[in-house]
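> Provided herewith is a single structure, encoded as structure tokens, for subsequent inquiry.
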Amino acid sequence: MKTHNIQNNFVSSCALICFSLTATGHPPVFKQQPLPYAYDALEPYIDALTMEIHYSRHHAAYAKNFNESLQSLSDVPAKVEEIMKNISHYPVAVRNNGGGYYNHSLYWEIMAPKGGGEPSGKVAEAIRRDFGSFDAFKDAFSKAASARFGSGWAWLVSDKGKLAVCSTPNQDNPLMDIAEVKGAPILCIDVWEHAYYLKYQNKRPDYIQAFWNVIHWKKVNELYEKSL
Ligand SMILES: [Fe+2]
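Take 108 as the starting number for the sequence shown in the working numbering and just add one per residue.
Below, the structure written as structure tokens:
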């Protein structure tokens, strides 16, 4: 592990050498990607103020704190997925903030204005194969989201094509080596109160019901095909 103090000493002694050392030794910087639509684009299902606070404060804080949690570490992979897969080897701040960074990045991507309806393509076939019907899948996913006690997430994951529904506490996710159910996340719902409280207050089931109207199934299918 390298510290800033060590690097600062290097700066004062030789800028050129320092540049080459820090260029290879510094952890990567994980940027918060732009929200792919306007804050009000998912109205009336997810309100603009919730989206603004969720993206610009909650997710931004996870991104900032994730990068800070990596600062004293060396040999950090450039792909966040690789960090998640070995999360048991990292400090808890990386687990909490890196999970928050990764989970929200996926959550924004799998929602879209004029989303909803039913899936098509390979993921639709896989849902029918592994759950019996789309309605049976909806029921399983909604129950996982409703039943998660406290803060957390519900997921649809693909283990090389085989689908499963699960939920995780806090900012954990199914990529993590500590997860009970592992796989490539292809759909998720944030059930922290900050995701719905302004519009739905304590009525989490109403938020989950509304979520079905904003799912970006084309993206979910892309993620499914990548997982094969
Ligand atoms: Fe959130």
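Ideal Cβ placement from N, Cα and C applies to all residues, glycine included.
In terms of residues, what are the limits of the alpha helix (DSSP H) holding G207?
Numbered from its first residue, the sequence shown carries residue 207 at position 100. That run of the alpha helix (DSSP H) goes 199 to 216.
> At a cut-off of 7 Å, would you count W215 as near ligand 1, judging by its Cβ distance to the nearest heavy atom?
As a working note, residue 215 is residue 108 in the sequence shown. Result no, Cβ not under 7 Å from ligand 1.
> Using a strict less-than 6 Å threshold between each residue's beta carbon and the heavy atoms of ligand 1, what residues do you get?
The answer, residue by residue, is H161, H165, H211, D297, W299, H301, A302.
> What residue range is occupied by the uninterrupted beta strand (DSSP E) comprising W262?
The count along the sequence shown starts at 1 and reaches residue 262 at position 155. Its beta strand (DSSP E) spans residues 259 to 266.
> Any heavy atom of ligand 2 within a distance shorter than 7 Å of the CB on N174?
Ligand 2 is absent from the structure shown, which contains only ligand 1.
> Would you report the Cα separation of N193 and G290, rounded to the nearest angstrom?
Reading the sequence shown from its first residue, position 86 is the one you call residue 193. Reading the sequence shown from its first residue, position 183 is the one you call residue 290. When rounded, the distance between both Cα atoms is 14 Å.
> Can you tell which of D266, P292, G268, K267 has its C-alpha closest to the C-alpha of S274?
Indexing the sequence shown from 1 puts residue 274 at position 167. It is P292 whose Cα lies nearest to the Cα of S274.
> When the Cα atoms are used, what is the spatial distance from I296 to I315?
For the purposes of this step, residue 296 is taken as residue 189 along the sequence shown, with counting starting at 1. For the purposes of this step, residue 315 is taken as residue 208 along the sequence shown, with counting starting at 1. Distance between the alpha carbons of I296 and I315 is about 8 Å.
> Look at the alpha carbon of D237 and the alpha carbon of S227, and state the distance between them as a whole number of angstroms.
Your numbering for residue 237 matches position 130 in the sequence shown. Your numbering for residue 227 matches position 120 in the sequence shown. A direct Cα-to-Cα measurement between D237 and S227 gives close to 15 Å.
> Evaluate T110 with the Cβ neighbour count: other Cβ atoms within 10 Å of its Cβ, from every protein chain shown; 16 or more gives buried, anything less gives exposed.
Numbered from 1 along the sequence shown, position 3 holds the residue referred to as residue 110. Its pLDDT being 36, under 50, T110 is placed unreliably by the model, and the measurement read from it follows with that caveat. Burial call: exposed.
> Using C-beta distances below 8 Å, list every residue in its chain close to A286, excluding the 5 sequence neighbours before and after it, in chain order.
The sequence position of residue 286 within the sequence shown is 179, counting from 1. Result list for A286: C273, T275, D279, N280, in chain order.
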